[in-house]
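*Asks:* Note that my numbering has the sequence shown beginning at 667, numbered continuously upward.
C-beta: ideal position from N, C-alpha, C; glycine also.
If you're wondering where the values come from, they're calculated on a predicted model, not measured in any experiment.
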Amino acid sequence: MLFNSVTFAIFFAIVYVIYWSVPKKNRPNLLILSSAFFYVWFSWIFFLHFLLVILFNYFFYLRIKTSPNHSKRWMIVSILFNCINLGFFKYFYFFSRVLADLTGYPFFEEIQGIVHIVLPLAISFYSFQMIAAAVDARRNPNTETVSIKEYFLFVLFFPVLIAGPIMRTGDFFPNLNNLEPDRDKIYNGCYLIIGGLLKKVLVADPTAGIISPIFSNPEAYDSISLICAGIGYSIQVFCDFSGLTDMARGVGALLGFYLPENFKAPFLSLSGRELWQRWHITLSFWLRDYIYFSLGGSKVTQWRTHLNLILTMTIGGFWHGADYTFIAWGFYWGVLLAVERYLETSLGWKLVPEKNVVLKILKVCVVFLLFSFGAVLFRANSANTMVQHTIGIFKNFPNKIETELASSSLFWLGDAGNLVDGSSLFLLNRMGNMEKFLYLFLALVLFNWVQYVPDFWKRFRKYDPLLLICVGVVSIFLLALFSEDSGAFIYYKF
């Protein structure tokens, strides 16, 4: 039941009408039932597993709250339980493959074909959410203990269940005291849903169609194509994931909930540190609060601080997926952040210019290109294609083959190839796809600019009724004209 599907639209319309028709005290119950149905739609077997996981976690949560002398022990038990649950379903095949590579023992190869494990829906997100609840319960023992019904709603809440934002108890429970119709939330929710859908359908999906062939076979493309593929995936993943988050926040707003912002113009950042304060914000701050600080943060020696950054980001990369590509991506960002911190604290470099506009623009471009290079590692289909793509950026210069053929006795092969298909090694078939790629990039800049400007939409709120109608009509027109086959959101698989 994807957010961009007709099925979800029908489901939410029914839930919305019933939700505001029942008494306020019954609305949480309806949300629990509708969230359960939402998960059962994907798999009723894994829903039973999910219920057991929630029950165990609530038991651990209660023990933490009611046993102050043993709260640390129960917190550790809760963390281990969630890590084992996540590790079995998500990383079993990966570690089997690693052991097979290291030992050469046939058993580890064979077990991958014997044991069939399917990844439960949303396991990465709900595991982090329940770990946060356990740690916060110990860190803040004086907070009110939530009931089992409230805890179930906190974990099951369907707008954020699949791909976040990663909620914390402090973000979620204050909403339960204000489940009343609110004009501002309704308008804001509609704008968020429309904007998220436009990002997904009109930008993310078309970009995927352009860059997917390159990532499938990076050796066949020249350096410019490989660089453009990294930039293209930055466009795709931002519009796909921030679009999904916008839709989730919009659905939550229509139900009376304020959900935390997850993206705040990340591609207008002046440093890597600033980017991670603006990109997937709830995950970034989760990693900071529960891993980086637990390792000692920056309150240790300089080199230990750098190691903490690298370990934290590597764990964050591994959380995304069970493959060397995600580990490499996390390690890459950990090293970048450590180097950035070293330049600022040890060498005294001022990496964030305050007034010079030209330097600011240059810095934004550098940070975006660094992100796009990391996107190559993140998007690669395998470790082999990741290496091929990375090497190709520095090796596969434009028209390399044509140049070599022209200087040899086989010069006629290049001419024959051009006569047959009229194409070069560049993926973006010259004018057509290059022009489309440019439009998609401009859309990326526009979406980031809108997020960057403080209270951008508030200045138009006095025109809400008319503005919403106009935005809706224009959006329907654009979707009808330019939408392509829409696929699942990228973060659904995590």
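Ordered along the chain, which non-local residues of its own chain (more than five positions away) have a Cβ less than 7 Å from that of Met1097?
*Replies:* Stepping through the sequence shown from its first residue, residue 1097 is reached at position 431. Any reading at Met1097 needs caution, since the residue's pLDDT is 29, under 50, leaving its predicted position unreliable; the model's value is listed next. There are no such residues.
*Asks:* Among Glu776, Asn748, Val801, Val1033, which residue has its Cα nearest to the Cα of Ile730?
*Replies:* Looking up residue 730 in the sequence shown gives position 64. The option with the nearest alpha carbon to Ile730 is Val801.
*Asks:* Just the C-alpha distance for Arg939 and Phe1113, rounded to the nearest angstrom, thanks.
*Replies:* Within the sequence shown, the letter at position 273 stands for residue 939. Within the sequence shown, the letter at position 447 stands for residue 1113. C-alpha separation (whole angstroms): 21 Å.
*Asks:* Counting C-beta neighbours from all protein chains within 10 Å, is the total for Pro840 16 or more, i.e. buried, or is it exposed?
*Replies:* For the purposes of this step, residue 840 is taken as residue 174 along the sequence shown, with counting starting at 1. By the 10 Å Cβ count, Pro840 comes out exposed.
*Asks:* Along the chain, where does the alpha helix (DSSP H) containing Tyr857 start, and where does it finish?
*Replies:* Translated into the one-based positions of the sequence shown, residue 857 becomes position 191. From DSSP, the alpha helix (DSSP H) with Tyr857 extends over 849-864.
*Asks:* Quick check on DSSP: helix, strand or coil for Ser737?
*Replies:* Along the sequence shown, one-based indexing puts residue 737 at 71. Helix.
*Asks:* Determine the burial state of Arg944: buried for a count of at least 16 other Cβ atoms within 10 Å of its Cβ, exposed for fewer.
*Replies:* The count along the sequence shown starts at 1 and reaches residue 944 at position 278. It is buried - the Cβ of Arg944 has at least 16 other Cβ atoms within 10 Å.
*Asks:* Report the option in Phe725, Leu921, Phe716 whose CA atom is closest to the CA atom of Leu697.
*Replies:* As a position in the sequence shown, residue 697 is number 31, starting the count at 1. For Leu697, the nearest C-alpha among the options comes from Leu921.
*Asks:* For the alpha helix (DSSP H) holding Phe726, just list the boundary residues, first then last.
*Replies:* By 1-based counting over the sequence shown, the position of residue 726 is 60. Where Phe726 is concerned, the enclosing alpha helix (DSSP H) stretches over 710-732.
*Asks:* Which residue from Arg1045, Phe984, Arg954, Thr991 puts its Cα closest to that of Leu1003?
*Replies:* Your numbering for residue 1003 matches position 337 in the sequence shown. Nearest C-alpha to Leu1003: Arg954.
*Asks:* Would the segment 712-725 count as touching the segment 811-830 if we require 3 or more Cβ pairs under 8 Å?
*Replies:* Yes: at least three Cβ pairs fall under 8 Å.
*Asks:* Using only the alpha-carbon positions, how far apart do Ala803 and Ser908 sit?
*Replies:* Here residue 803 refers to the residue found at position 137 when the sequence shown is read from its first residue. Here residue 908 refers to the residue found at position 242 when the sequence shown is read from its first residue. Ala803 and Ser908 have their C-alpha atoms roughly 30 Å apart.
*Asks:* Threshold first: 4 residues or longer. Then list the alpha helix (DSSP H) segments lying entirely within the segment 961-1007, N to C.
*Replies:* 968-986
*Asks:* Quick one: Cα of Leu1091 to Cα of Asn1062, how far?
*Replies:* Along the sequence shown, read from residue 1 onward, the residue named residue 1091 stands at position 425. Along the sequence shown, read from residue 1 onward, the residue named residue 1062 stands at position 396. Confidence in Leu1091 is poor, its pLDDT being 40 and thus under 50, which makes the residue's placement unreliable; the coordinate value appears in the next sentence. One C-alpha to the other measures close to 10 Å.
*Asks:* Can you list, in chain order, the residues of its chain whose CB lies under 6 Å from that of Gly1083, leaving out five sequence neighbours each side?
*Replies:* Here residue 1083 is taken as the residue at index 417 of the sequence shown, counted from 1. With a pLDDT of only 46 at Gly1083, under 50, the local geometry of the prediction cannot be trusted, and the value read off the model is given with reservation. Hits under 6 Å: none found.
*Asks:* Looking at the structure shown, is Leu936 part of a helix, part of a strand, or coil, going by DSSP?
*Replies:* Numbered from 1 along the sequence shown, position 270 holds the residue referred to as residue 936. DSSP places Leu936 in coil when its eight states are reduced to three.
*Asks:* Any idea if His946 is buried or exposed, counting beta-carbon neighbours within 10 angstroms, 16 or more meaning buried?
*Replies:* On the sequence shown, residue 946 is found 280 positions in, with the first residue counted as 1. The residue is buried, with at least 16 neighbouring Cβ atoms inside 10 Å.
*Asks:* Please return the same chain residues whose Cβ sits closer than 6 Å to the Cβ of Val1086, not counting the five positions on each side in sequence.
*Replies:* As a working mapping, residue 1086 is identified with position 420 in the sequence shown. The predicted model places Val1086 with a pLDDT of 42, which falls under 50 and marks its position as unreliable; any figure quoted below should be read in that light. Once the five neighbours on either side are set aside, Val1086 has no close Cβ partner at all.
*Asks:* Among Trp710, Phe1034, Tyr958, Asp767, which has the Cα closest to the Cα of Leu934?
*Replies:* Looking up residue 934 in the sequence shown gives position 268. For the residues Trp710, Phe1034, Tyr958, Asp767, the minimum Cα distance to Leu934 belongs to Phe1034.
*Asks:* Name the residue from Phe1037, Tyr705, Ile859, Gly836 whose alpha carbon lies nearest to the alpha carbon of Pro786.
*Replies:* The count along the sequence shown starts at 1 and reaches residue 786 at position 120. If we check each option's Cα against that of Pro786, Tyr705 comes out closest.
*Asks:* Cutting at 7 Å between CB atoms, please list the residues of its own chain near Tyr1054, excluding the five before and the five after it.
*Replies:* Counted from its first residue, the sequence shown places residue 1054 at position 388. With the sequence shown as reference, residue 1054 is identified as Gln, and Tyr is not the correct amino acid for it. If we look at Gln1054 and ignore the five residues flanking it on each side, its Cβ neighbours are Pro884, Glu885.
*Asks:* Looking at the ligand MG, does it come within less than 8 Å of Asn735, judged from the CB to the closest heavy atom?
*Replies:* This structure simply doesn't include the ligand MG, nor any ligand for that matter.
*Asks:* Considering only residues of the same chain and omitting the five flanking positions on each side of Asn1047, which have a CB-CB separation below 7 Å?
*Replies:* For the purposes of this step, residue 1047 is taken as residue 381 along the sequence shown, with counting starting at 1. Excluding residues within five positions, the ones whose Cβ falls inside 7 Å are Phe881, Ser882.
*Asks:* Buried or exposed, going by whether 16 or more other CB atoms sit within 10 Å of the CB of Ser700?
*Replies:* By 1-based counting over the sequence shown, the position of residue 700 is 34. Buried, because 16 or more other Cβ atoms sit within 10 Å of the Cβ of Ser700.
*Asks:* Check for me: the alpha helix (DSSP H) holding Lys1102 runs from which residue to which?
*Replies:* For the purposes of this step, residue 1102 is taken as residue 436 along the sequence shown, with counting starting at 1. Segment 1097-1118, the alpha helix (DSSP H) holding Lys1102.
*Asks:* Kindly indicate which residue of Val688, Phe1103, Asn723 has the alpha-carbon position closest to the one of Tyr899.
*Replies:* If you number the sequence shown from 1, residue 899 lands on position 233. Among Val688, Phe1103, Asn723, the Cα nearest to that of Tyr899 is on Phe1103.
*Asks:* For Pro825, which residues from the same chain have a beta carbon less than 8 Å from its beta carbon, with the 5 sequence-adjacent residues on both sides left out?
*Replies:* Translated into positions along the sequence shown, residue 825 becomes position 159. The residues are Ala914, Arg915, Val917, Gly918, Leu921, Phe923, Leu925.
*Asks:* Based on Cα-Cα distance, which residue from Lys930, Ile876, Cys905 lies nearest to Ser891?
*Replies:* The residue labelled residue 891 in the question sits at position 225 within the sequence shown. For Ser891, the nearest C-alpha among the options comes from Ile876.
*Asks:* In this structure, does DSSP put Leu616 in helix, strand or coil?
*Replies:* Missing from the structure shown is residue 616; the chain here goes from 667 to 1160 and no further.
*Asks:* Strictly under 9 Å for the Cβ-Cβ distance: is Leu1009 near chain D by that measure?
*Replies:* In summary, chain D is missing from the structure at hand, where a single protein chain is found.
*Asks:* Which of the three DSSP states is assigned to Ser762 in this structure?
*Replies:* Start at 1 with the first residue of the sequence shown, and residue 762 comes out as number 96. If DSSP states are grouped into helix, strand and coil, Ser762 belongs with the helices.
*Asks:* Tell me whether Glu927 sits in a helix, a strand or coil according to DSSP, three-state version.
*Replies:* Within the sequence shown, the letter at position 261 stands for residue 927. Glu927: coil per DSSP, three-state reduction.
*Asks:* Which residue from Phe774, Pro879, Ile797 puts its Cα closest to that of Ser744?
*Replies:* Translated into positions along the sequence shown, residue 744 becomes position 78. If we check each option's Cα against that of Ser744, Ile797 comes out closest.
*Asks:* Roughly how many angstroms lie between the CA atoms of Ile1059 and Phe712, to the nearest whole one?
*Replies:* Numbered from its first residue, the sequence shown carries residue 1059 at position 393. Numbered from its first residue, the sequence shown carries residue 712 at position 46. Distance between the alpha carbons of Ile1059 and Phe712: 42 Å.
*Asks:* Quick check: Ile832 and Phe669, are their CB atoms within less than 9 Å of each other?
*Replies:* If you number the sequence shown from 1, residue 832 lands on position 166. If you number the sequence shown from 1, residue 669 lands on position 3. Not in contact: Ile832 and Phe669 (Cβ atoms no closer than 9 Å).
*Asks:* Measure from the alpha carbon of Met1052 to the alpha carbon of each residue in Asp912, Phe1107, Asp989, then state which is nearest.
*Replies:* Translated into the one-based positions of the sequence shown, residue 1052 becomes position 386. That would be Asp989, whose Cα lies nearest to the Cα of Met1052.
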